[in-house]
Amino acid sequence: MRGIVANGGAIVAARRAAGLTQEQLASAADCDVKTVRKAEQGRERVDLRVVVSITKTLNCDVDSLIVSEDSNIDKRAQNIQ
């Protein structure tokens with residue numbers, strides 16, 4: 007389980023507010039557009055370095071673009087009940 011789970015909705019909102027396409031964000035953050043798409047979907051783990059690069063590009067806080075492990079545990083527990 008390497009990497010972190012990105013808050014996809016927050017990344018999409020920040021990218022759109024910055025007026026960037028996924029391709030432009032990927033280029034500015036020095037990553038592949040597939041990685042940006044994966045981060046925006048928020049279903050797979052993304053390397054922390056990529057998220058940090060995206061946050062620098064979008065001029066926002068890392069905490070706002072990641073999902074805490076505690077909330078993932080809470081969501082899984084709710085699905086079990």
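The numbering of the sequence shown is the numbering used here, which starts it at 7 and goes up by one. Even glycine gets a Cβ: it sits at the ideal position worked out from N, Cα and C.
Three-state secondary structure (DSSP) of residue i
| i | result |
| --- | --- |
| R8 | coil |
| R21 | helix |
| A35 | coil |
| T27 | coil |
heavy atom of the ligand SAM below 7 Å from residue i C-beta
| i | result |
| --- | --- |
| Q28 | Of ligands this structure carries none, so the ligand SAM is not represented either. |
Pair within 8 Å by beta-carbon distance, residue i and residue j
| i | j | result |
| --- | --- | --- |
| L64 | A20 | yes |
| A16 | A45 | no |
| R51 | G14 | no |
| A34 | T41 | no |
| S70 | C37 | no |
| E29 | V39 | yes |
Whole-Å CB distance - residue i paired with residue j, under 8 Å assumed
| i | j | result |
| --- | --- | --- |
| V57 | V68 | 6 Å |
Bridge-paired residues (DSSP) for residue i
| i | result |
| --- | --- |
| I72 | A12 |
| R51 | V11 |
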